[in-house]
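Since the structure comes first, as structure tokens, the remarks are kept for the end.
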Amino acid sequence: MCVPPAESHLKNVENVILTGIEAHVCVLQTTYDLLERGHNVHIVVDAVSSRSATDRHFAFKQMEQAGAILTTSEATILGLVGGSDHPKFKDIQKLIMTSAPDTGLVPQSKL
């Protein structure tokens, strides 16, 4: 992702929210590139996939150790809204009221 056309859009950006496919390759390498360029990187773990749960698990571990912030889609959405005083809060709240599907990131035995 960190190619010249994209970099021009990131010049004055402090925080980057990442989602994507192949956590252990594309998302991981993009995370490293963005961190190296001084951005705060937020990985939306329930919006990142891989062909295997093992690759996904260890990619998240590597991203976090490198300095990325692991988060969820609900936490990201609510963080962007800022609070219940946002004019669209009620509409957004309706979107997140339905439980998200199980991502397989946390074994049921640990809940």
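At position 31 of the sequence shown the residue is numbered 31 (full-length UniProt numbering), and the sequence of numbers has no breaks. Every residue, glycine too, gets a C-beta built ideally from N, C-alpha and C.
Excluding sequence positions up to five away, which residues of its chain have a Cβ less than 6 Å from the Cβ of residue i?
{"i": "Ala68", "result": "Thr31, Val41 and Ile43"}
{"i": "Met1", "result": "Thr30"}
Hey, residue i and residue j are a contact pair by Cβ (cut 8 Å); roughly how many whole angstroms apart?
{"i": "Ile17", "j": "Thr98", "result": "With 8 Å as the limit, Ile17 and Thr98 do not qualify as a contact, their Cβ atoms being about 21 Å apart."}
{"i": "Leu70", "j": "Phe60", "result": "6 Å"}
{"i": "Leu10", "j": "His39", "result": "7 Å"}
{"i": "Leu28", "j": "Gln62", "result": "6 Å"}
{"i": "Glu74", "j": "Ile96", "result": "5 Å"}
List the residues that DSSP assigns as beta-bridge partners of residue i.
{"i": "Val44", "result": "Thr71"}
{"i": "Ser49", "result": "Ile21"}
What's the C-alpha gap between residue i and residue j?
{"i": "Glu22", "j": "Thr72", "result": "17 Å"}
{"i": "Thr25", "j": "Ala6", "result": "The question names Thr, but residue 25 is Val in the sequence shown. Approximately 18 Å between the Cα atoms of the pair."}
{"i": "residue 113", "j": "Val48", "result": "Only positions 1 to 111 of the chain appear in the structure, and residue 113 is not among them; the question remains open."}
{"i": "Arg56", "j": "Asp102", "result": "14 Å"}
{"i": "Leu35", "j": "Ser50", "result": "21 Å"}
{"i": "Glu14", "j": "Arg37", "result": "10 Å"}
{"i": "Thr54", "j": "Val3", "result": "28 Å"}
The ligand COA and residue i: does the residue's C-beta get closer than 8 Å to at least one heavy atom of that ligand?
{"i": "Pro87", "result": "Here there are no bound small molecules, and the ligand COA is not part of this structure."}
Enumerate in chain order the residues of its own chain whose CB-to-CB distance from residue i is below 7 Å, with the five nearest sequence positions on each side excluded.
{"i": "Lys94", "result": "none"}
ask   = Which full runs of the beta strand (DSSP E) of 3+ residues lie inside the region 3-40, going along the chain?
value = Counting only runs of 3 or more, we get 15-21.
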